[in-house]
Structures are given as structure tokens and as C-alpha cells.
Amino acid sequence: MCEVNKENFGILYQDIKQSIENAKFVSIDLEFSALYPLKSHMPSLFDEASERYLKIRKNLEHVIPVQVGLTTFSFNPDSGSYLGTVYNFFIIPASFPTLQNVFCFQSETLEFLRFHGFDFNRLIYKGIPYTNTTQENELRKKLQNNEISEVMSNFKSELQNVFEEECEAINKWYGNAKEGDYISLDKIHDKYKSNIDIIYFLHKGFRAKFKNTWTSANNYEFILKKVSSEELKLLKKEKNLEEELLNELLGFTKVFRLLISSQKPLIGHNLLQDITLMINSFECPLPASYNKFKRLINSLFPAIYDTKVLCYELKNLVPEEKRWNDKGLQSIFEYFKNGTGRHVVLNSPAIEMHNEGGYGKYHEAGWDSFCSGYIFIRLAYLNVYDKYPKSKKFVSAELIAGLSEWKNRVNVIRGSISSISLDGEDPKSTRPPYLVVEFVKNTPVDVSKV
4 MCEVNKENFG
14 ILYQDIKQSI
24 ENAKFVSIDL
34 EFSALYPLKS
44 HMPSLFDEAS
54 ERYLKIRKNL
64 EHVIPVQVGL
74 TTFSFNPDSG
84 SYLGTVYNFF
94 IIPASFPTLQ
104 NVFCFQSETL
114 EFLRFHGFDF
124 NRLIYKGIPY
134 TNTTQENELR
144 KKLQNNEISE
154 VMSNFKSELQ
164 NVFEEECEAI
174 NKWYGNAKEG
184 DYISLDKIHD
194 KYKSNIDIIY
204 FLHKGFRAKF
214 KNTWTSANNY
224 EFILKKVSSE
234 ELKLLKKEKN
244 LEEELLNELL
254 GFTKVFRLLI
264 SSQKPLIGHN
274 LLQDITLMIN
284 SFECPLPASY
294 NKFKRLINSL
304 FPAIYDTKVL
314 CYELKNLVPE
324 EKRWNDKGLQ
334 SIFEYFKNGT
344 GRHVVLNSPA
354 IEMHNEGGYG
364 KYHEAGWDSF
374 CSGYIFIRLA
384 YLNVYDKYPK
394 SKKFVSAELI
404 AGLSEWKNRV
414 NVIRGSISSI
424 SLDGEDPKST
434 RPPYLVVEFV
444 KNTPVDVSKV
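Numbers given in the working numbering equal positions in the sequence shown, counted from 1, plus 3.
This is the structure:
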């Protein structure tokens, strides 16, 4: 499993991109800052699909993802085996003037994450920034109109102090510097390299103050270089500081866009809230209309599979005495990996994890995403293996095609319907009929006493 944070994201990005491009499908999992922080919009057993969506939408206005797990599954046609490459991202909303991100941490959720070993220091100190497309477009317009200046910075006092200090050293160097000479500003790199806000305004300030100079920053140093007028024109044309800023603020959103552009099937376990939170965080605020939401999600991800739905729909393919009893992620994974499910279907394809170092931790997003993809392959094979000669070797496209009946069906937790369809009419409810209880006398019923 590969941890991805702010320090190594730029280094690993091309590997992540290549891994998604080579995948047959991608599985995801998210950890949340809260689940239902608004008591006025709590889910109900009697929620219809549109009601449940509107409650989720309202709650997610106050929720952020703190960790994203992503596993890309590649297929080896020679061996018929699958390889899962697991990435575990720590992410946090980007901070910059005019980007307003206010969100909740729910005490129950914090305790849940702490209990399962979540590293909050990594989130705060090393979280990869992100913005959604709506925020990106608004910020780009303000930058183009010069509506943002250093006086709006959250660190304007610190920014002014470091600018004045460094200008003293630069002034001494600048007088004798020739074209091609440069000065490395170590303090800026050592203390502020992870602060997007300060670094951006220092770039602007130094370039404006010192004629024919260019600044650049990398993982090792912050440099001010003296250049010719011709080179300066060329650099300004080739390297746009504002676009570099936006690219850094986008952060994890670039991975989300890779998933969209790849059009690879997206897999998750009980993933309705995961997918809605992804759209709200990385694309745009969720639409007020349930039908518009379904059109939006289907345009972004046309092939989604929920292993919670598949577990329910395919359980009858297994003899009753050998079926799984619990549809939770951990239980189903253990069933297929180490339990009865290992022997339910003969000649199931091998599934390995890249750089496997034993089990991960449940409720760590990366590991849970791998478990979801593992379960998906096992269920897909279970669905088709007895419909063909025993000697047949299935390619991944055949396994996925066999599940087309349940494509874009996602589970609904404790509602009046068991699942919804993201690309059409919702299926009819399979829930049992309501049990109506009333007193003989015309008095209110206390549900807790029934």
C-alpha cells in the first residue's frame, strides 16, 4: 500500500495516472469528517429515494473527506490474475484568500477514526489540498482580474516580515549579479515550502521588486535568478504563476479528474455517500434536484458497481449452508479470502496486492478500497463460472459484462427502498410491508415503547 501526502504527491502523480490508465477497473473508499451532523436532516426508515438524497446533500454541505482510498486493478491475460495497486491519500481543503471552506468534525466520527488508528497529524500537516471545479473557476476569474493581493493573506504579517528580511540579502546580491546568477533563499524553502499562500505572494513580490529576475521553487530550494529581458519575456510566456498556483490548489482533484477521463468502472461497497461526497468536494455543489444529481453522476461515471448490492443479489447462487451472513465489507472480504468463500467456486482468479505487506487496517481508506475490489472480482466470477465449461478462462471484460444487470445500482441504508438506479428509474422496493401500530384510544404512540 502506498501512502500519498502533500510531500510526495507531485512525485507519485504520473505513476498514479499510469496506474489508472492501465486498470480494468478502480475501487474507492472514503473516510469522512462527519456522517450526519445535522440532526434536522437525519435519515429515516421511511425515506423515499429523493428524500434520502436531499438529506445526504444537506449534510454533506458541512462534511469533508479526510482520506481517500483508491485501488487500480490490472489484469494479466496470460495467468488470468489480477493485481491491485493501492493508494491511500490524506486530503484537506485548500487554503487561500477567498476560498471559504467551513466544515464539521463530528465527535462520534473522530472517536471512530481514532479507534481505528487514523493519523490526524498526517491529515493536518501533510494533507493534499483540493478544490472543486466551481471554486477553481471563481478563483481563476479573480486572479485574472487582479482582485487578490497579499493584504488578503491569512499570513500578511508573516509575509511582510519575511519579504523585508529576504530583500536585505537580495539587495546585497543584486547589485553585483550578472545574467544567469542566482541566489538560494534557504529560509523560505525550509520554513514556508508547504504554505501555498506565502510562496505565491513571495513569487509575485520578488519578481515585481527586482528588475529582470525570475523566481522558482522545487522540493529542494527557493531561487531568485537574474535573467535577460528576452529570457524574462519567454519565461512569462511559458510559465504562468497563476496557473501554477491553481494547479497546486487543485491537488487531489486532479486524481478525481483522471477517474472521470479514464471512464473506467468504479467500484465501492455501500458507496452512495462516498460518491456524493466526491462530487461535492471535487466537482461542484450537489444539485438540488434528485434527477439532476443522477444525470450528473452518470455523465461523470457511467459505470458504477456497488458490492453491497451485488452481495444481496448474488447470495442465492451459493448453497444456503455456505452463504455469507453479514454483508459488511470486512465480513465479506474474510469470507472470500480466508473463509468458506475460498472453496465455493473452483479456479477463481488469483488476486494479489502490489507491494503486499500483509493485511492493512480496516477502515483505512486504501485497504478498504482494495477489499471492495477483491470482493467485486470474487462475486463477478461467482456470477458466471457455472454458465460456461469448467475449462473456460474468463477475461475481465466478461466478468464485468456479466454484472450489467446491476450496473449503476447503489445501496440505500435503512430506507423505504433497498437501492437506487443512477441511470434510470429506481427499482421497486423489496422491503417488507409496513407494520401499522395504533392504540385503541386516540392517543399518541411512543415508538420506543412499541
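The beta-carbon is built from N, C-alpha and C at its ideal position, and this holds for glycine as well.
Per-residue DSSP class, three states only, for residue i
{"i": "N414", "result": "strand"}
{"i": "L289", "result": "coil"}
{"i": "V7", "result": "strand"}
{"i": "T75", "result": "strand"}
{"i": "V89", "result": "strand"}
{"i": "K32", "result": "Before going further, note that residue 32 is Asp rather than Lys in the sequence given. Strand, per DSSP."}
{"i": "E355", "result": "strand"}
{"i": "S47", "result": "coil"}
{"i": "T3", "result": "Outside the shown range of the chain (4 to 453) lies residue 3, about which nothing can therefore be said."}
{"i": "L205", "result": "helix"}
{"i": "L457", "result": "Summary: the structure shown does not reach residue 457, with the chain confined to residues 4 through 453, and so no result is reported for it."}
{"i": "S264", "result": "helix"}
{"i": "Q70", "result": "strand"}
{"i": "L253", "result": "helix"}
{"i": "I94", "result": "strand"}
{"i": "I226", "result": "strand"}
{"i": "S424", "result": "strand"}
{"i": "S53", "result": "helix"}
{"i": "S84", "result": "strand"}
{"i": "E64", "result": "coil"}
{"i": "A368", "result": "helix"}
{"i": "F106", "result": "coil"}
{"i": "E118", "result": "As written in the sequence, residue 118 is Phe, which differs from the Glu given in the question. The answer is helix: DSSP assigns F118 an H, G or I state."}
{"i": "L238", "result": "helix"}
{"i": "E247", "result": "helix"}
{"i": "F442", "result": "coil"}
{"i": "A26", "result": "coil"}
Whole-angstrom C-beta distance between residue j and residue i, which should lie under 8 Å
{"i": "V71", "j": "A368", "result": "6 Å"}
{"i": "L289", "j": "L63", "result": "7 Å"}
{"i": "Y133", "j": "T279", "result": "Contact doesn't hold; Cβ gap of about 16 Å is too wide."}
{"i": "N414", "j": "S407", "result": "So it is not a contact: roughly 18 Å between Cβ atoms."}
{"i": "L455", "j": "I199", "result": "An answer regarding residue 455 cannot be provided, because it is not within the stretch 4 to 453 covered by the chain."}
{"i": "K9", "j": "K194", "result": "Actually they do not touch by this definition, with Cβ atoms about 15 Å apart."}
{"i": "I95", "j": "L126", "result": "6 Å"}
{"i": "Y185", "j": "L227", "result": "6 Å"}
{"i": "E24", "j": "S231", "result": "That pair is no contact at about 40 Å."}
{"i": "L454", "j": "F204", "result": "Absent from the model: residue 454. The displayed extent of the chain is 4 to 453, so no value can be given."}
{"i": "I263", "j": "F225", "result": "That belief does not hold up - the Cβ atoms of I263 and F225 are roughly 34 Å apart, past 8 Å."}
{"i": "Y377", "j": "I403", "result": "Not quite, the Cβ-Cβ distance comes to about 15 Å (not below 8 Å), so this is no contact."}
{"i": "L261", "j": "I282", "result": "Not really, about 15 Å apart at Cβ, beyond 8 Å."}
Exposure of residue i, with buried meaning 16 or more beta-carbon neighbours within 10 Å
{"i": "F259", "result": "buried"}
{"i": "Y338", "result": "buried"}
{"i": "A172", "result": "exposed"}
{"i": "S372", "result": "buried"}
{"i": "F3", "result": "Missing from the structure shown is residue 3; the chain here goes from 4 to 453 and no further."}
{"i": "F285", "result": "buried"}
{"i": "P352", "result": "buried"}
{"i": "G87", "result": "buried"}
{"i": "H206", "result": "buried"}
{"i": "R117", "result": "exposed"}
{"i": "G183", "result": "exposed"}
{"i": "K267", "result": "buried"}
{"i": "T137", "result": "exposed"}
{"i": "A291", "result": "exposed"}
{"i": "Y223", "result": "exposed"}
{"i": "V89", "result": "buried"}
{"i": "P322", "result": "exposed"}
{"i": "M45", "result": "exposed"}
{"i": "V165", "result": "buried"}
{"i": "Y362", "result": "exposed"}
{"i": "D449", "result": "exposed"}
{"i": "S156", "result": "buried"}
{"i": "R412", "result": "buried"}
{"i": "L332", "result": "buried"}
{"i": "G178", "result": "exposed"}
Residue-chain proximity (residue i, chain C), Cβ-Cβ < 7 Å
{"i": "L162", "result": "Of the chains in the structure shown, none is chain C; there is only one protein chain."}
heavy atom of the ligand ZN below 6 Å from residue i C-beta
{"i": "I31", "result": "This structure lacks the ligand ZN, and indeed carries no ligand of any kind."}
* Secondary structure, beta strand (DSSP E): runs of 3+ residues fully inside the region 275 to 338 -> 307 to 309, all fully within the region 275 to 338.
* Just checking, does the region 267 to 274 make contact with the region 385 to 397 on the three C-beta pairs under 8 Å criterion? -> Contact between the region 267 to 274 and the region 385 to 397 is absent: fewer than 3 CB-CB pairs across the two stretches fall below 8 Å.
* Are there three or more Cβ pairs, one per stretch, closer than 8 Å when the region 325 to 345 is compared with the region 417 to 436? -> Pairwise C-beta distances place the region 325 to 345 out of contact with the region 417 to 436, as fewer than three of them are shorter than 8 Å.
* In chain order, which alpha helix (DSSP H) runs of at least 4 residues are fully inside the region 120 to 186? -> Along the length of the region 120 to 186, whole alpha helix (DSSP H) runs at least 4 residues long occupy 123 to 129, 136 to 147 and 159 to 177, reported in chain order.
* Asked: Are the region 44 to 52 and the region 389 to 396 touching by the rule of at least three beta carbon pairs closer than 8 Å?
  -> Contact between the region 44 to 52 and the region 389 to 396 is absent, with fewer than three C-beta pairs closer than 8 Å.
* Would you be able to state if there are at least three C-beta pairs under 8 Å between the region 98 to 116 and the region 36 to 43? => Under the Cβ criterion (8 Å, minimum of three pairs), the region 36 to 43 counts as touching the region 98 to 116.
* To do: Taking only runs that begin and end inside the region 371 to 414, name each unbroken alpha helix (DSSP H) of 4 or more residues, in chain order.
  => List check, alpha helix (DSSP H) in window: 399 to 404.
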